[in-house]
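For reference, the structure is listed below as structure tokens.
Numbering (the working numbering), first residue to last: 410 to 633.
Right, dumping it as structure tokens:
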């Protein structure tokens, strides 16, 4: 992968893991970078609300929390060898090396190639590893230049357009199936999945089984 493509892949993988309610562990020596990366994940899900545990900085003394049997996003400065060995179902990203230490099985996002092609030009400019500007932004993630701020806003805008696109597609199909839709009824779920575009089926089948979806759907239903 090119550097830009690799950066886009990591962003999309973290986003997808949150949608599918995986365990996510972020590892970074810098507390400011660690908290910045963790905090930027939540807005990507709007209007969905993350239903799992969220601990941007987990003290080393509490690293046993990584064994929790529930979805979470947790940040650690380093991960103990025992914890790493015991984590069989967590997505672990080492921010310092920019590499995933461990992966989890995720159903691919729908139409992801279209999103990738839109994000890569921004990432190519934003993450130019050969410049002092990049190193400065890494050391001080909350201090961006005006150009970097504009690029970040463009990345966020494209992610939101993509996010709202598939979410609105699902919302439309739910409305078409009537207000008697029951989350716990497999026949109702299959009915909805039978009406969505083919490229969305596998992903939405998983997403509709998450607390992210349940909370959002019940909230939307209460506003009707």
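In this text, a Cβ means the ideal position worked out from N, Cα and C, and glycines have one as well.
No experiment lies behind these values; they were computed from the predicted model shown.
Inspect the beta-carbon positions of residue i and residue j and report whether they are closer than 8 Å.
{"i": "residue 521", "j": "residue 434", "result": "no"}
{"i": "residue 425", "j": "residue 518", "result": "yes"}
{"i": "residue 440", "j": "residue 486", "result": "yes"}
{"i": "residue 479", "j": "residue 461", "result": "yes"}
{"i": "residue 535", "j": "residue 560", "result": "yes"}
{"i": "residue 605", "j": "residue 586", "result": "no"}
{"i": "residue 463", "j": "residue 482", "result": "yes"}
{"i": "residue 468", "j": "residue 443", "result": "no"}
Determine the closest residue to residue i out of the options, with distance taken between C-alpha atoms.
{"i": "residue 452", "options": "573, 618, 580", "result": "573"}
{"i": "residue 428", "options": "627, 508, 628, 614", "result": "614"}
{"i": "residue 419", "options": "512, 485, 577", "result": "512"}
{"i": "residue 515", "options": "600, 504, 500, 496", "result": "500"}
{"i": "residue 583", "options": "454, 625, 535", "result": "625"}
{"i": "residue 417", "options": "596, 562, 531, 495", "result": "531"}
{"i": "residue 527", "options": "568, 447, 594", "result": "568"}
{"i": "residue 473", "options": "463, 495, 465, 564", "result": "495"}
{"i": "residue 457", "options": "525, 430, 602, 601", "result": "430"}
What does the Cβ neighbour count give for residue i, buried or exposed, with the cut at 16 atoms within 10 Å?
{"i": "residue 422", "result": "buried"}
{"i": "residue 410", "result": "For residue 410, the predicted structure reports a pLDDT of 45, less than 50, and the residue's modelled location is therefore unreliable. A value from the coordinates is still provided. Counting Cβ neighbours within 10 Å, residue 410 comes out exposed, since fewer than 16 surround it."}
{"i": "residue 616", "result": "buried"}
{"i": "residue 492", "result": "buried"}
{"i": "residue 484", "result": "buried"}
Identify every residue that forms a DSSP beta bridge with residue i.
{"i": "residue 612", "result": "None; residue 612 has no bridge partner."}
{"i": "residue 432", "result": "481, 499"}
{"i": "residue 531", "result": "Its beta-bridge partners do not exist; DSSP assigns none."}
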